[in-house]
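S.K.: According to numbering that gives the first Met the number 0, the stretch in the sequence shown is residues 0 to 373, in order. Next up is a structure, given as structure tokens.
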Amino acid sequence: MLPYGRQSIDQSDVEAVVSALGSDWLTTGPRVAQFEADIEAVAGAPAVTVTNGTTALHTAYAAAGVTTGDEVVTTPMTFVATASTAAMLGAKIVFADVEDETANIDPAAVEAAVTSRTKAIAAVDYAGHPAEYDALRKISEPAGAVLIGDAAHSIGTTYHGRPVGSLADVTTFSFFPTKNLTTAEGGAVTSLRPDLLQRAREFRMIGLVRDRSRMRYPDEGAWHQEVHEFGLNYRLPDVLCALGSSQLKRLAAFKARRQQLTARYDELLADVPGLRLPIQREGVDPLRHLYPVRVLGGRRREVFERMREAGIGVQVNYIPVYWHPVFEDLGYRRGMCPVAEAFYAEELSLPLFVDLSDSDQDRVVEALRTILGS
Ligand SMILES: Cc1ncc(COP(=O)(O)O)c(C=O)c1O
């Protein structure tokens, strides 16, 4: 089965990991600091690495101070973790509908959803196309809410010349194998705000405070460390950070290939009937994680099944988050975000990954053409 997404690992990646395995450090050594510096160079803001994209979101919401009674406004067109990690901190999730063109959270819907209890607004750069951060900031700032960017899909993307990672107050990344780069499991949080960054760093390290100037009992002894707020162990080990730094060296090549494949899909699928292709807004330069088409005429399920039968691993991204039974049991009902639901009903992600060959891509296009009858 041709996968819809897949890692690209070359000899330089293997050597980086092997070298870390032979070093004195398996975890929390020099490769963590190096990977964080390398992420900063791409994301335009200092980084804290964590164990995956889900824990990055948990860390970001914790750093933002999200707690019981707060509201978090987010998109339903995302992986459940964007909402569930805030819910686990006690927040009430308020879903704002998406824009029809990009499937990203609609600033007008966010504006309507914000209340005096809104602690954070979390956007997702769906498929790698950035959300409308300038418009979102105009809403988050007067509301006193922390703007969070879930950039699990979009490391390497720029928005009006600025890199994803520097656009929101806190940005989260995932380095899962299907994503734009991988550390197997892995993630990161970036922020230009030192207060949020420090809270993120402490949260991923059990909440330990080791800076004597901040200790309640600084004279206890040189061994002393304190916990002021609860945290978890979300540390990404050196061995995986070595892979991350090696992958980041290849990011420009990854971007070029994903853009080439996207342009080929745009061209080859332009005349296939019954399909709507993704768009790219003015001023954005996306590193695309997904190539999401819309299958019109109520045929998405049939096309999904026939593509799978043809050995092509298409995917659907995503079931609207509030359709998950856990949200249904909390009282959320279908119909809340009609634009997201219409998008879900038609969405199909075609294979897109760096090592996808032109001929395999041609096979995807031909299979679609056959099914849709052109
Ligand atoms: C939008 C989005 N957010 C968060 C995550 C969670 O990332 P991870 O799988 O690394 O925990 C993913 C990945 O599936 C995602 O696509």
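In this text, a Cβ means the ideal position worked out from N, Cα and C, and glycines have one as well.
Kindly examine ligand 1 and report whether one of its heavy atoms sits closer than 8 Å to the Cβ of G185.
M.R.: G185 Cβ: within cutoff of ligand 1.
S.K.: Between which two residues does the beta strand (DSSP E) containing D149 stretch?
M.R.: From DSSP, the beta strand (DSSP E) with D149 extends over 145-149.
S.K.: One question on the structure: do G206 and T50 come within less than 9 Å of each other, judged by their Cβ atoms?
M.R.: No; because the gap between Cβ atoms is not below 9 Å, this pair is not in contact.
S.K.: Quick one: using the 10 Å Cβ neighbour count with 16 as the cut-off for buried, is Q6 buried or exposed?
M.R.: Buried, since its Cβ has 16 or more Cβ neighbours within 10 Å.
S.K.: Shorter than 8 Å, the distance from the beta carbon of V123 to the closest heavy atom of ligand 1, or not?
M.R.: Correct: V123 has its Cβ closer than 8 Å to ligand 1.
S.K.: Can you name the start and end residues of the alpha helix (DSSP H) that T280 belongs to?
M.R.: The amino acid at residue 280 is misidentified as Thr; the sequence shows Arg. Unbroken run through R280: none, as it is neither H nor E.
S.K.: Below 8 Å, is the gap between the Cβ of G52 and the nearest heavy atom of ligand 1?
M.R.: Yes - ligand 1 has a heavy atom lying nearer than 8 Å to the Cβ of G52.
S.K.: To the nearest whole angstrom, what separates the beta carbons of M76 and P319, a pair I think is in contact under 8 Å?
M.R.: About 7 Å; that satisfies the 8 Å criterion.
S.K.: From R299 to V325, what distance separates their C-alpha atoms?
M.R.: Each residue's alpha carbon lies about 25 Å from the other.
S.K.: So the alpha helix (DSSP H) T84 belongs to, where does it begin and stop?
M.R.: First-last of the alpha helix (DSSP H) with T84: 80-87.
S.K.: Counting beta carbon pairs with one atom in the region 270-280 and one in the region 236-251, are three or more of them shorter than 8 Å?
M.R.: As far as the Cβ criterion goes, the region 236-251 does not touch the region 270-280, which means the pair count is below three.
S.K.: On the DSSP letters alone, give me the boundaries of the beta strand (DSSP E) that E70 sits inside.
M.R.: Note, E70: beta strand (DSSP E), 70-73.
S.K.: According to DSSP, simplified to helix, strand and coil, what is A95?
M.R.: A95 falls in the coil class under three-state DSSP.
S.K.: Would you be able to state if there are at least three C-beta pairs under 8 Å between the region 167-180 and the region 49-64?
M.R.: Enough Cβ pairs lie closer than 8 Å, so yes.
S.K.: For S391, which three-state DSSP category applies?
M.R.: Any answer about residue 391 is impossible in this case: the structure gives the chain only from 0 up to 373.
S.K.: Between A46, P193, A95, which lies nearest to V113 when the distance is taken from Cα to Cα?
M.R.: With distances taken between Cα atoms, V113 lies closest to A95.
S.K.: Please tell me whether, using a cut-off of 8 Å, the distance from the CB of L247 to the nearest non-hydrogen atom of ligand 1 is below it.
M.R.: Because no heavy atom of ligand 1 lies under 8 Å away, the Cβ of L247 does not count as near it: no.
S.K.: Going residue by residue through the region 110-174, where are the continuous alpha helix (DSSP H) segments of at least 4 residues, counting only ones entirely within it?
M.R.: Listed in chain order, the complete alpha helix (DSSP H) runs (minimum 4 residues) inside the region 110-174 are 132-142.
S.K.: Taking only the alpha-carbon atoms, compute the straight-line gap between G296 and A63 and give it to the nearest angstrom.
M.R.: Each residue's Cα considered, the two are about 43 Å apart.
S.K.: Using the three-state DSSP reduction, which class does I311 fall into: helix, strand or coil?
M.R.: Here I311 sits in strand by DSSP.
S.K.: Use the C-beta contact count for E98: other C-beta atoms within 10 angstroms, 16 or more gives buried, fewer gives exposed.
M.R.: Buried, by the Cβ-count rule.
S.K.: Just checking, does the region 283-291 make contact with the region 34-51 on the three C-beta pairs under 8 Å criterion?
M.R.: No, the region 283-291 is not in contact with the region 34-51.
S.K.: Report whether the distance from the Cβ of K178 to the nearest heavy atom of ligand 1 is below 8 Å.
M.R.: Correct: K178 has its Cβ closer than 8 Å to ligand 1.
S.K.: Roughly how many angstroms lie between the CA atoms of G21 and V353, to the nearest whole one?
M.R.: Roughly 29 Å separates the two Cα atoms.
S.K.: Report all residues from its chain with a CB closer than 6 Å to the CB of R209; omit the five preceding and five following residues, and keep chain order.
M.R.: Once the five neighbours on either side are set aside, the close Cβ partners of R209 are Q224.
S.K.: DSSP three-state label for L371, please.
M.R.: In the structure shown, L371 sits in a helix (DSSP, three-state: H, G or I).
S.K.: Can W24 and D284 be called in contact, C-beta distance under 9 Å?
M.R.: Against a cut-off of 9 Å, the Cβ pair of D284 and W24 comes out as no contact.
S.K.: For G230, which residues from the same chain have a beta carbon less than 8 Å from its beta carbon, with the 5 sequence-adjacent residues on both sides left out?
M.R.: Around G230: A61, E201, F202, R203, M204, I205, G206, L207.
S.K.: Should L56 be counted as a contact of ligand 1 given a C-beta to heavy atom distance under 8 Å?
M.R.: Checking every heavy atom of ligand 1 against the Cβ of L56, one is found closer than 8 Å.
S.K.: Is T156 near ligand 1 - that is, is its Cβ less than 8 Å away from at least one heavy atom of it?
M.R.: Result no, Cβ not under 8 Å from ligand 1.
S.K.: For a quick check, are the C-beta atoms of P176 and G4 less than 9 Å apart?
M.R.: Yes, the pair counts as a contact, with Cβ atoms nearer than the cut-off.
S.K.: Can you tell which of E228, V123, R198, E131 has its C-alpha closest to the C-alpha of H152?
M.R.: Per the Cα distances, V123.
S.K.: According to DSSP, simplified to helix, strand and coil, what is M306?
M.R.: Here M306 sits in helix by DSSP.
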